[in-house]
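In our numbering, the protein residues as written are 522 to 696.
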């Protein structure tokens, strides 16, 4: 588990201590075995999973509850060119419809590549509405700027993904 800068372990009493530098931090769980994923981060009766905590040295926050689920989403499909052949070169990118969630390292932003038959799979996206597109010449490290997110969104088609469900969405390259 970590805040992006530090790591922590959950003890035998399901408690954790996270010491981190001052600043805005989002708590994430890493290394959960499939199909488990973080569903919510509850503090003061509000889900703060995508809302940063403002942490200060010496400050203690108690009662942060991390909720995990084994009801993961799955988005699959095939990418074809205009002639119906499998396309393996472009990246498949899913961005949330809500631009407030277009952040580097966001759990709502996902990039993958199709296999040799053009099939792609994304698991563990939070439920919601996404813009899905096939984009050539883009890599995971490119998903940091507003201009890149806007370009991906402009080419995307809206797809709804539900908790615990598998959604199939095929893509056809237009250029």
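A virtual CB, placed ideally from N, CA and C, is assigned to each residue, including glycine. Computed from a predicted model, the values in this text were never measured in an experiment.
| Check | Outcome |
| --- | --- |
| Go through its chain and collect everything with a Cβ distance to residue 610's Cβ below 8 angstroms, but skip five positions before and after it. | 657 |
| Measuring CB to CB, does residue 593 end up less than 7 angstroms from residue 647? | no |
| When you compare only the Cα positions, how much space is there between residue 522 and residue 536? | Unreliable placement is indicated for residue 522, whose pLDDT of 48 sits below 50; the coordinate value is still reported in the next sentence. Spanning the two alpha carbons is a distance of roughly 11 angstroms. |
| Please check if any C-beta of chain C sits within less than 7 angstroms of the C-beta of residue 625. | Structure shown: chain C not included; a single protein chain is present. |
| When the Cβ atoms of the region 625 to 638 are set against those of the region 651 to 667, are three or more pairs found closer than 8 angstroms? | yes |
| Under the DSSP definition of a beta bridge, which residues are partnered with residue 589? | 559 |
| May I ask you to report which of helix, strand or coil DSSP gives residue 600? | strand |
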